[in-house]
Amino acid sequence: MINANRVLADFQFVGNRVSDFKIETRDIRTNEFKVHVTYDFYYNIKEVKEFEDKYIGYIEFITVIKAKVKNSILFKINLTMEGAFIGNTQKLKQEDFLSMLELNGLTTLSQLSRAYILTVTSLSGINPPVKLPMINIFKLMQEKKNNEVNKNKQQE
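The opening position of the sequence shown corresponds to residue 1 in UniProt numbering, with each subsequent residue numbered one higher.
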């Protein structure tokens, strides 16, 4: 066995919370119709602070799920999951901490969101429960950057 102190990362997950959650379900008989589910994802780095010995960063991961049968909405789910992460200022530059916050933070929060939505939809009587698909975090980050560049171009 390898001692954990020898392999601990300089970037750590502190905790998470659900800052916003809403689920709406409708009673539609769907046995004979195909259900179409759409997923939308977004994220924001809320805040990054630097202290003498550590960085602390907050990031939110936003998930919007809609299920339709023909033109009727079967259910809608909005979830915002926030996470707090810390980094060692002695071993990480702030730029590296920000990169880790974005990549590792999103990966962590997407999996927490996946578990949360699976549990809540199961308990809400949605059958089968909703399983978030795996997300290409690199692509999500790139899409966000592209959207911000396009938004800035439109404002000029």
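Where a beta carbon is used, it is the ideal one built from N, C-alpha and C, also for glycine.
The stretch 113-129 contacting the stretch 89-104, beta-carbon criterion three pairs below 8 Å: no
Distance, Lys70 Cα to Thr38 Cα: Position 38 of the sequence shown, counted from the first residue, corresponds to residue 38. Position 70 of the sequence shown, counted from the first residue, corresponds to residue 70. So the two alpha carbons sit approximately 13 Å from each other.
CA-to-CA distance, Ile77 to Val34, given in whole angstroms: Locating residue 34 in the sequence shown gives position 34, where the first residue counts as 1. Locating residue 77 in the sequence shown gives position 77, where the first residue counts as 1. The displayed chain sequence assigns Lys, not Val, to residue 34. So the alpha carbons of these two residues sit roughly 19 Å apart.
DSSP bridge partner residues for Ala84 (one or two, in chain order): Residue 84 sits at position 84 when you count from the first residue of the sequence shown. Its beta-bridge partners are Gly15, Tyr58.
Per-residue burial, Gly87 [other beta carbons within 10 Å of its own, 16 or more giving buried]: One-based indexing of the sequence shown puts residue 87 at position 87. By the neighbour-count rule (16 or more Cβ atoms within 10 Å), Gly87 is buried.
Buried or exposed (CB count within 10 angstroms, at least 16 for buried), Phe85: Against the sequence shown, residue 85 aligns to sequence position 85. With 16 or more Cβ atoms within 10 Å of its Cβ, Phe85 is classed as buried.
Sequence ranges, alpha helix (DSSP H) only - wholly within the stretch 77-131, length at least 4: 94-123
For Ile117, the nearest candidate out of Met81, Gly105, Gly57, Ala4 (CA to CA): Numbered from its first residue, the sequence shown carries residue 117 at position 117. When only C-alpha atoms are compared, the closest one is Met81.
Residue nearest to residue 163 in terms of C-alpha spacing, selected from Asn136, His36, Asn104: Because residue 163 is not part of the residues shown, which for the chain are 1 to 156, the question remains open.
Inter-residue spacing [alpha-carbon to alpha-carbon] between Leu8 and Thr119: As a working mapping, residue 8 is identified with position 8 in the sequence shown. As a working mapping, residue 119 is identified with position 119 in the sequence shown. Their backbone Cα atoms lie some 30 Å apart in a straight line.
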